[in-house]
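The next block holds one structure in the form of structure tokens; read it before the comments.
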Amino acid sequence: RKLAGKTLFITGASRGIGKAIALKAAQDGANIVIAAKTTEPHPKLPGTIYTAAKEVEEAGGKCLPCAVDIRDENAVNSAVQEAVKTFGGIDILVNNASAISLTGTLETPMKKYDLMNNVNVRGTFLCSKACIPYLKNAENPHILNVTPPLNIRHAWFKEHVAYSLSKYGMSLCVLGMSQEFKDDGIAVNALWPKKGIATVAVMVTAGKQGLAYCRIDKFFADAAYIMLTRDSKTRTGEFLYDEDVLKEAGITDFEQYSYIPGNLMNFSISSWSQVRGVVDIFDAVKNFLDENLVQKVNAVFEFHLTGKEAGVWYLDLKSGTGEVGRGSFSGDEVNSTVMLDSEDFVKLFTGELNPAQALLSFISSLNHSSHVLVSYIFTEESKKLAGKTIFITGASRGIGKAIALKAAKDGANIVIAAKTTEPHPKLPGTIYTAAKEVEEAGGKCLPCAVDIRDENAVNSAVQEAVKTFGGIDILVNNASAISLTGTLETPMKKYDLMNSINARGTYLCSQACLPYLKIGKNSHILNISPPLNMNPHWFKGHVAYTMAKYGMSMCVLGMAQEFKDDGISVNALWPKTAIATAAMEMLGGKEALASCRTDQIMADAAYVVLTRDSRARTGEFLVDEDVLIEVGVTDFEPYACVPGMSKLLPDFFLDVDGSDAKKIMEAQKTADTVPQGNSAEGVDGIFDIIKSLCNNQLVNEVRGVFEFHLTGKEEGVWYIDLQNDADQYCSLLFLYLLSCLFHGKVQTSLTSSPGSLTGASEGLKERPWLRGKCYFYHLSTGSAGKGSCPGGKANCTMTLGSDDFVKMFKGQMNPTQAFMGGKLKIKGDMMMAMKFEKMMGAMKSKL
């Protein structure tokens with residue numbers, strides 16, 4: 001909450017970008033002054049200063065709505081004084097208010113000129129002047145102008161001189177004031193969108209259709225937040241783009257900010273409203289071709305236009321820096337031919353015609369040296385699953401429904417095959433509520449009440465699907481039952497349930513659908529099942545469930561080969577991390593969901609797999625993250641249930657990547673002279689060793705307090721404090737020693753000199769694999785013991801049986817398995833629990 005208690009004075013904040021910045025800051029608990037003139041609802045535009053103020057307070061901030069026209073000096077000064085009186089000062093000024101009219105010099109009435117000048121440049125200067133006396137006394141003060149970089153080129157002034165003058169006046173304020181008030185510690189910067197933002201200004205210049213190719217204003221607000229929370233003394237006088245600010249902060253995937261999800265065809269803030277014909281469009285495209293665009297597109301297009309400007313044009317984005325011209329392409333191959341009326345072609349560029357309605361899509365690109373729109377390129381690639389019929393089991397909720405909704409956006413036909421016809425007391429959704437969502441997303445849907453354990457029910461559902469939609473193109477075997485219990489603890493009723501749904505149900509549904517898949521086009525079967533990792537570790541503790549899931553995976557192995565010649569692709573998909581589903585909530589509780597990804601990542605990965613050429617790849621065992629990486633997705637942050645949760649609960653069917661602890665353990669396994677001895681026994685023995693091995697390195701890595709509520713033979717409460725002081729000596733070889741202490745008696749002799757390298761381990765000093773790394777130094781933090789934690793509050797509380805606790809630390813039980821099976825309950829900070837995993841990992845276990 002970096003802006004908690006800060007007072008932000010934001011002009012033009014009753015809607016759009018200004019309001020988005022206000023709401024972002026309000027989430028921190030900031031004080032917001034909304035300075036705008038909209039006190040009454042506009043007949044065409046949303047929001048007033050009062051509705052915005054209500055939203056700010058609902059978001060967690062305090063708000064002062066001020067009715068002020070920033071062209072009026074008295075009104076501005078009164079608003080500033082009211083803000084200071086209410087909140088005690090002003091810390092940040094955001095000059096956002098702006099007026100726009102993209103008209104040529106002869107077409108611009110002076111009334112329009114005065115409006116733009118007085119609001120944009122004069123209003124910015126006036127508000128800055130009024131606020132700076134208070135900014136000088138503030139801690140970490142900022143002025144942020146929503147204005148473009150000073151790119152003085154003819155292209156930016158042509159056709160809209162008055163507007164450019166007014167906006168560049170705001171930018172000149174940044175240049176001057178950043179230097180003038182640098183010694184006062186006031187950062188003065190400019191921020192501008194790299195692509196269109198869905199605001200009133202865009203709607204005015206490009207119409208409502210133009211909004212479809214924009215990003216939401218939250219994109220800009222997130223970038224502004226980053227700038228306004230920086231140290232004001234370190235960076236000033238900068239002209240930044242929202243996208244670049246976010247990239248610098250590590251955000252590279254901007255899909256979440258698209259006004260229409262999945263629409264990557266955002267256009268530049270530069271307007272095409274003055275384009276008058278086909279020739280104008282191609283002249284503009286010709287001027288801004290570059291190698292970057294050629295590398296991204298790598299294709300040749302021909303445009304066959306009819307009507308007033310009938311003719312053929314080509315666009316070569318495959319060689320050199322690109323080429324555009326009139327006539328047919330003289331090269332070897334045209335990748336895409338677009339045919340439409342010349343007037344419609346122009347309307348697509350001016351925003352008067354929705355490209356989706358014309359069954360075309362835009363691809364836009366920026367020339368980064370000039371920040372101008374390079375081109376719109378039409379492709380034949382549209383909705384890949386449009387008209388396809390997809391039979392999905394278990395799709396009333398979770399991953400199955402997510403896949404259904406993803407396909408529905410393409411206009412697919414979805415068959416929801418599940419048995420939930422009535423609302424469950426604890427689980428959301430039915431086949432009917434899911435069907436409604438599918439249709440709202442753009443698909444057609446047939447909800448089928450079917451228990452996939454029932455052969456007649458499955459066959460009936462398949463026949464109904466064929467009757468309704470004419471066939472089946474894709475089968476997704478998603479339905480599954482789970483019980484993570486050991487062999488002796490698994491009733492045969494549970495065994496039968498898992499086997500009948502997971503393995504048998506998959507086989508049955510595949511068998512019923514295959515006759516139709518064989519005559520389908522680009523047919524796929526996708527099983528939601530894990531890779532066939534035959535490490536006995538994955539069977540131990542839950543044999544019945546693993547057998548059932550691996551049965552689904554074995555269907556992939558067999559059917560992929562059996563139906564390869566029929567062009568049916570059969571693959572498996574599994575998540576890299578735990579997914580927030582009903583099953584996960586049932587196993588780990590609602591708190592566990594915070595360390596999961598949303599089901600959207602599985603849906604996105606499934607979409608990639610199901611839209612591939614079915615004859616090209618089959619019999620693969622895929623992981624969601626790997627599938628998306630292959631198509632260029634590198635940032636998975638948007639999929640986290642809790643933003644910023646970087647460490648997520650790994651799926652327990654997948655091996656964890658190698659770590660230093662793992663390498664040490666492997667070294668221990670292969671060493672010929674690993675010391676042998678007695679293992680620690682019981683909870684007391686475990687904690688005796690933990691207490692002796694707490695160290696500064698571990699504290700720095702974990703920085704948390706853990707409490708263990710143990711039941712059973714050694715019932716009691718224990719703690720490990722890796723945050724507070726404990727005056728003792730310990731080894732920096734924590735990961736190594738902990739991994740071998742239970743396999744050999746290690747005695748340490750410590751010197752009294754903090755940081756000394758003369759300490760030795762009698763049991764290990766002759767061991768060559770240590771390579772001189774055994775040394776000891778004084779520790780100032782870390783402790784462990786019986787009872788509640790000394791500070792009174794633990795970051796993470798774990799409840800489990802004392803026998804299971806010992807088994808986990810000895811590597812005899814997989815803690816992740818214990819957690820998902822209900823033997824281990826975790827309350828509090830799940831990320832802290834995962835940090836604790838690193839400790840236990842060195843003791844031959846994974847949590």
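Residue numbers (full-length UniProt numbering): 1 to 847. Glycine included, C-beta positions come from ideal geometry on N, C-alpha and C.
Where T229 is concerned, there is no enclosing beta strand (DSSP E), because DSSP gives it neither an H nor an E. Here L106 is exposed: its Cβ has fewer than 16 other Cβ atoms, across all protein chains shown, within 10 Å. DSSP, read as helix, strand or coil, puts F706 in strand.
Annotation: the continuous beta strand (DSSP E) that includes F303 extends over 299-306. Taking T337 as reference, the option from V312, G320, K19 with the minimal CA-CA separation is V312.
The stretch 36-83 is shown to contain whole beta strand (DSSP E) runs of 3 or more residues at 62-67, in chain order. The residue among T506, V466, A221, K182 with its C-alpha nearest the C-alpha of D231 is K182. Within its own chain, the residues whose Cβ lies closer than 6 Å to the Cβ of K112, once the five positions on either side in sequence are excluded, are S101, listed in chain order.
For H142, the closest C-alpha among the options E57, K233, N77 is that of K233. DSSP lists T711 as the beta-bridge partner residues of G801. With a cutoff of 7 Å on beta-carbon distance, C513 and I452 are scored as not near each other. Fewer than three beta-carbon pairs drawn from the stretch 412-422 and the stretch 614-631 are found closer than 8 Å, and the two stretches are therefore not classed as touching.
Beta bridge pairing from DSSP links N31 with T7, K62. If you compare the alpha carbons of V702, P643, T577, D604 with that of P650, the shortest gap goes to T577.
Going by beta carbons, M552 and N502 fall inside the 7 Å limit.
In this chain, S569 is not harboured by any alpha helix (DSSP H); it is covered by the beta strand (DSSP E) spanning 569-574.
Assigned with DSSP and collapsed to three states, R15 falls in coil, not helix or strand. In this structure, DSSP gives K388 a state outside helix and strand, which the three-state scheme calls coil. G325 is bridged by DSSP to Y314. For the 7 Å CB-CB criterion, D242 and F219 form a contact.
Sorting N478, A52, N145, A402 by C-alpha distance to the C-alpha of V33 places A52 at the top. For T393, the pairing in a beta bridge is given by DSSP as A417.
R215 is bridged by DSSP to I197, S258. Beta-carbon to beta-carbon, C789 and E707 are separated by about 5 Å, close enough to satisfy the 8 Å threshold.
Excluding the 5 residues flanking it on each side, K37 has same chain C-beta neighbours closer than 7 Å at A67, V68, D69, in chain order.
Its Cα nearest to that of A479, the residue S396 stands out among S396, L557, E489. I186: not part of any beta strand (DSSP E); DSSP gives it neither H nor E. I403 is classed as buried because its beta carbon has at least 16 other beta carbons within 10 Å across all chains shown. Between I92 and K6 the beta-carbon gap is near 6 Å, inside 8 Å, which marks them as a contact. About 11 Å separates the CB atoms of A465 and P447; that is not less than 8 Å, and the two are not in contact. DSSP, reduced to helix, strand and coil, places V699 within a helical segment of the structure shown. The alpha carbon of F391 has as its nearest neighbour, out of G327, A449, T799, the alpha carbon of A449. Along the stretch 100-183, the beta strand (DSSP E) occurs as fully enclosed runs of 3 or more residues at 142-146, listed in sequence order.
Secondary structure note for S330: it is in no alpha helix (DSSP H), with a DSSP letter that is neither H nor E.
Residue state for P428 is assigned as coil, using DSSP reduced to three classes.
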